[in-house]
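Colleague: Quick one: the structure is below, questions incoming.
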Amino acid sequence: MLHGRDAAVRLTEVEAYRGFADPGSHAYRGKTRRNATMFGPPGHLYVYFTYGMHVCANIVCGPEGEPGGVLLRAGEIVEGREAARARRVTSRSDADLARGPGRLGVALGIQLSDDGSRLGELYRLELAPHPVPRFEQGPRTGVSGPGGSDEYPWRFWIPGDPTVSPYKRNTPKRRTP
DNA sequence: CGAAGGATTTTCT
DNA sequence: GAAAATCCTTCGT
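Yeah, the first sequence ends on 228 if you go by this note's numbering, and it's all consecutive.
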């Protein structure tokens, strides 16, 4: 469970991104201003801006100097539903409040300026009393190239949970012709 | 329910 | 210039 700004989610879906050898990772081609947090010590929040409009959050994992993180893809809002709903005006159902990385970011009030924030301060992570009984594993969502193939099945989710985002395979995008 | 297009910024070629 | 760890609206089945 992750506590954010006046709201908390039970995480139901995550993806792993690991180091230099992972072609799907932002850190694959080295350190940039955006992904610098991933190279730091674990237990911090890596927040990035993508697609011109969305914020996504990772929890940095692995030792300092080795980039790695877990992308928070989706979850169920279990506390502060009103605050989350106020921020997610377009959401029609409770399950939609944090169903997707960008939505989860908005629901918890995560901002770009929260990048690098240490867990335990602004945000607090509570591990479940016992491991989830069952989860499934498969290729990552929205990742193009080799990183999205079956060779890197690093997306994990709780099967049957309504807050898990629907799997979309990489949709190549074309610009206005 | 699925497919398709637009919005919009950081980063790399 | 093009693609990207996405979301929302609209149209078709």
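Built from N, CA and C at the ideal position, the CB exists for glycine as well.
With distances taken between CB atoms, is the gap from residue 159 to residue 61 smaller than 9 angstroms?
Modeller: no
Colleague: Would you list the one or two residues that DSSP bridges to residue 203?
Modeller: The partner list for residue 203 (beta bridge, DSSP) is empty, contrary to what the question assumes.
Colleague: When the Cα atoms are used, what is the spatial distance from residue 77 to residue 184?
Modeller: 31 angstroms
Colleague: Give a yes or no on contact between the stretch 188–196 and the stretch 166–174, applying the rule of three or more CB pairs nearer than 8 angstroms.
Modeller: no
Colleague: Tell me, please, whether the stretch 76–95 touches the stretch 109–119 by the rule of three or more beta-carbon pairs shorter than 8 angstroms.
Modeller: yes
Colleague: To the nearest angstrom, how far is the alpha carbon of residue 104 from that of residue 138?
Modeller: For the pair residue 104 and residue 138, the Cα-to-Cα distance works out to about 15 angstroms.
Colleague: For the stretch 199–215 and the stretch 80–87, state whether three or more C-beta atom pairs, one from each stretch, are separated by less than 8 angstroms.
Modeller: no
Colleague: What are the boundary residues of the alpha helix (DSSP H) that includes residue 139?
Modeller: Unbroken run through residue 139: none, as it is neither H nor E.
Colleague: Does DSSP classify residue 80 as helix, strand or coil?
Modeller: coil
Colleague: Label residue 116 either buried or exposed according to how many other C-beta atoms from any shown protein chain fall within 10 Å of its C-beta, with 16 as the threshold for buried.
Modeller: exposed
Colleague: Are residue 74 and residue 198 touching if we call contact CB-CB under 9 angstroms?
Modeller: At a Cβ-Cβ threshold of 9 angstroms, residue 74 and residue 198 count as neighbours.
Colleague: So residue 98 and residue 176 are supposed to be a Cβ contact under 8 angstroms. How far apart are they, rounded?
Modeller: Incorrect: roughly 15 angstroms between the Cβ atoms, too far for contact.
Colleague: Taking the straight line between their C-alpha atoms, what separation do you get for residue 140 and residue 53?
Modeller: 21 angstroms
Colleague: Candidates 208, 67, 100 and 130: which alpha carbon is nearest residue 121's?
Modeller: For the residues 208, 67, 100 and 130, the minimum Cα distance to residue 121 belongs to 67.
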